[in-house]
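Chains as they are written, first to last, in our numbering: chain V, 1 to 202; chain F, 203 to 404; chain X, 405 to 606; chain G, 607 to 808. Working notes, structure below.
Number of protein chains: 4
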Amino acid sequence: MSARPRSEKAEARAEAQRTRILDAAQHCFIEHGFHGAGMALIAETAQMSAGLIYRYFESKSAIIRAIVEEQLELLREDIARNTHPDFPTVLAEEYGRPHQCEGRRMSASLLLEISAEATRDPQIAAALDDYDTTVRNALQDWLTRAREAGGMALDGEDARRRALMLQCLIEGLKLRETREPGLDRDLLMAALQDVVPRMLDR
Amino acid sequence: MSARPRSEKAEARAEAQRTRILDAAQHCFIEHGFHGAGMALIAETAQMSAGLIYRYFESKSAIIRAIVEEQLELLREDIARNTHPDFPTVLAEEYGRPHQCEGRRMSASLLLEISAEATRDPQIAAALDDYDTTVRNALQDWLTRAREAGGMALDGEDARRRALMLQCLIEGLKLRETREPGLDRDLLMAALQDVVPRMLDR
Amino acid sequence: MSARPRSEKAEARAEAQRTRILDAAQHCFIEHGFHGAGMALIAETAQMSAGLIYRYFESKSAIIRAIVEEQLELLREDIARNTHPDFPTVLAEEYGRPHQCEGRRMSASLLLEISAEATRDPQIAAALDDYDTTVRNALQDWLTRAREAGGMALDGEDARRRALMLQCLIEGLKLRETREPGLDRDLLMAALQDVVPRMLDR
Amino acid sequence: MSARPRSEKAEARAEAQRTRILDAAQHCFIEHGFHGAGMALIAETAQMSAGLIYRYFESKSAIIRAIVEEQLELLREDIARNTHPDFPTVLAEEYGRPHQCEGRRMSASLLLEISAEATRDPQIAAALDDYDTTVRNALQDWLTRAREAGGMALDGEDARRRALMLQCLIEGLKLRETREPGLDRDLLMAALQDVVPRMLDR
DNA sequence: TATGAATGAGCATTCATTCAT
DNA sequence: TATGAATGAATGCTCATTCAT
């Protein structure tokens, strides 16, 4: 006599539907932007009716917000995973990767869309701000950490300054990704391996 | 005594109207984005009827294009004017300046909007690409130039790599401007003066 | 037991909607002309929202084209059905009939509208041209056919000339219908029965 | 001390302006139809400002009405001039002539436009009706007239019937002119010379 | 749960007409 | 007399959202 066996299954299905919708929406948003992608297109991509989407999301805005949250979470994880001495290499390898995305992965053009939307939607602005803080802290933390802990062993003030610069560089790279997807990888790798260490050197 | 005094006056007035429209449009686009700002709002902001706008611009698209061109031109001028040994200081001083804009000045959030739009509109993508090339060349040129000519005296390959990184940093800074308009100036200035020289050092 | 009962019903409904729209549009076009009738009026006449119409027709132009095709098809059928020795009588009886139309019937004033539109819209011009050819061929064929086959047994060149004149007369009659809907039927009948045989006599 | 010498000159000038406008309007209406031709285009064609037109005509409708009146007058004159035994030849020669028009001449496509407009505008309908009556009377008169007076010497009832048919044929020809401007002239001439005499024969 | 037909407010754009100059 | 800038209502059309089924 399980409490609500039906409900559990239903909940799983509901979650699957939400995922289906978000997958479709992300795909559409990347291709057409938040405003350019209509609910009809998203529904078609998700292989369901437009009406059904509203059972799982309150509005198109809610879908956008969900995608924003998720994207920022993925980006946060990325930073957490990649802040170690090989950082330049990782940055170069990530460049342009999203296009080969399966499932929902980060997308530079989505970050652009999100940044643009944040200048109008305070809710998105808040989420983005939260993300910014996390990233900056993660970078600063890495730069401060002892070398044997994989850090750069910089002192507090120094780390603060360089974390800021590093963050700008990382985001500038994301922006570049959307504009110059075919950028020469060897050049990029060489540039990062040449310049980033200089930025972080004591 | 002038050949066609009426026509001259008329032309001046026409130009004033165009300016009036572009001012209003820029204001609206910054606040609501290219798609979020309707012709009605632009007209109201410009204090004229919506129909009148079409005497001066072929379409909303044409207004967007005009603003894009102008913004990119302003950015190009900025780079041309500021590539000299004091570059870090200049970057820090420029940060957040547009908000105190009189007339039509650069706007970081517009650059964002432009970048996002470029992923869909090939015409805007082309303009942005042209801008990118100009900037990269200007930076590379500066880095290659002799020290006595105000340059950094780097050799070609080196300059190419660092120009790319510099461009990413600069654009990352513009992005940051839209998200953190209140960023501590002293921190920013210190960070740039600390890190940029390291990026460019031989 | 049907394979997709839902879809069949839906398709039937969709067809009904298309019909509803075409009925309304035809009514509006007759009363106000292709340009004079706005989508709002058509929607109101069809008792639906303007937006809904676009689920069934791509554009106002598409509606016009659909009506043109249909009208020309009805006219073609008419010619095919009526080319026999009693032609004069039939012409007289058809005169003014459309005004008592139920469902969508031919309308002389629509033919006028179509002819006028054809001078600008090449697609409509092509359709009208096709119709013209069909009619002329049908007439010529009838005039050439043997008497025992219901024809007029004229030789080829003769038939060509008289088909042309007959076509002009028939269209002149349609024109007259729009201008003089109350024309004395007895006069018309007498005139046709007197003159048409003379036109076709060997 | 002439009464109002200024006024006379002014009146002449005013009349010239009206003519100028009507010339331009006719040209535009033939090319784009009554609704397709905008006041801006007419003004440009007349080489004057849009506003000035309103000093000479109350509205666009008034221009249309003026053109209608004039066209119908020209058509009336044509019928009066051409109702004589050579009628078939004249009809054939007139076919397609308007395209070589200088000044303001009849235009088959204008007649079409007028007929279409008449189904909506009662004022135009009345003018067209008046024209119809004149034409029918002229034809009937010609058919009744003695042979030595250039007529066809038919009796009254006969003439009435044949005038109606002739009118239909004539208008059908005008319609055909708009659809088949390149119609083989020899065929047309032969057809008219073959068929019209039969229509009028005693 | 799922559909997709239906709505209605909103969009960019056009155009006959007016009016300050 | 003449201009053409300016208006504003109307146009065809789109799209997020709702709702009967």
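In this text, a Cβ means the ideal position worked out from N, Cα and C, and glycines have one as well.
Residue state for F:Ala-239 is assigned as coil, using DSSP reduced to three classes.
Note on X:Ala-429: 16 or more other CB atoms within 10 angstroms of its CB, so buried under the neighbour-count rule. Of all C-beta pairs linking the stretch 743–762 of chain G to the stretch 663–671 of chain G, fewer than three are shorter than 8 Å, placing the two stretches out of contact. At a Cβ-Cβ threshold of 9 Å, V:Leu-72 and V:Leu-175 do not count as neighbours. For X:Ile-574, the neighbours in chain G by C-beta distance under 9 Å run, in chain order, Cys-774 and Gly-778. The way I'd put it, the stretch 164–180 of chain V does touch the stretch 350–370 of chain F; three or more beta-carbon pairs between them come closer than 8 Å. F:Ala-355 sits in coil when the DSSP states are folded into three classes, being neither helix nor strand. For V:Ser-61, the nearest beta carbon of chain F is not closer than 9 Å to its own beta carbon. Straight-line spacing of the CA atoms in V:Met-106 and F:Leu-276 works out to 32 Å.
Around V:Ala-43, the same chain offers Ser-49, Ala-50 and Ile-53 as residues with beta carbons nearer than 7 Å, after the five sequence neighbours per side are excluded. The beta carbons of V:Arg-185 and V:Asp-158 sit no closer together than 9 Å. Think of a sphere of 8 Å around the beta carbon of V:Leu-175: the chain F residues whose beta carbon falls inside it are Ser-317, Cys-370, Glu-373, Gly-374 and Leu-377, in chain order. In the three-state reduction of the DSSP assignment, V:Thr-19 falls in the helix class, which pools H, G and I.
Listed in chain order, the positions of the stretch 177–190 of chain V with a beta carbon within less than 9 Å of a beta carbon of chain F are Thr-178, Arg-179, Glu-180, Leu-183, Leu-187, Leu-188 and Ala-190. In this structure, the beta-carbon distance from X:Leu-495 to G:Arg-766 does not fall below 9 Å. Looking at the backbone, the Cα of X:Ala-542 and that of X:Asp-533 are separated by about 14 Å. Close to X:Thr-523, with beta-carbon spacing below 8 Å, are these residues of chain G in chain order: Gly-639, Ser-715, Leu-718 and Thr-784. The stretch 711–783 of chain G is shown to contain whole alpha helix (DSSP H) runs of 4 or more residues at 714–724 and 728–750, in chain order. According to the DSSP assignment, F:Met-391 belongs to the alpha helix (DSSP H) that extends over 387–402.
DSSP, read as helix, strand or coil, puts X:Ala-416 in helix.
G:Asp-735 has a beta carbon lying within less than 9 Å of a beta carbon in chain X. Residue environment for V:Ser-109: buried (at least 16 other C-beta atoms within 10 angstroms of its C-beta). Taking all protein chains shown into account, G:Gly-756 has fewer than 16 neighbouring C-beta atoms within 10 Å of its C-beta and is therefore exposed. Against chain F, the CB of V:Met-48 has no partner CB under 9 Å away; the residue lies outside that interface. Neighbours of G:Gly-762 across chain X, judged by C-beta separation under 9 Å, do not exist; the nearest C-beta is about 12 Å away. Buried is the label assigned to V:Ser-115, since at least 16 other Cβ atoms lie within 10 Å of its Cβ. When F:Gly-238, F:Arg-400 and F:Ser-209 are compared, the shortest CA-CA separation from V:Asp-121 is found for F:Gly-238.
The beta carbon of V:Gly-36 sits closer than 9 Å to some beta carbon of chain F. In the three-state reduction of the DSSP assignment, X:Ser-463 falls in the coil class, being assigned neither a helical nor a strand state. In the three-state reduction of the DSSP assignment, F:Tyr-297 falls in the coil class. At least 9 Å separates the beta-carbon of X:Ala-529 from that of X:Thr-538. Among the CB atoms of chain X, one or more fall inside 9 Å of the CB of G:Ala-731. Annotated three-state conformation of F:Ser-209 is helix, per DSSP.
DSSP places G:Thr-689 outside both helix and strand once states are collapsed to three, so it counts as coil. Taking the beta carbon of V:Asp-201 as reference, the chain F residues within 8 Å of it are Arg-400, listed in sequence order.
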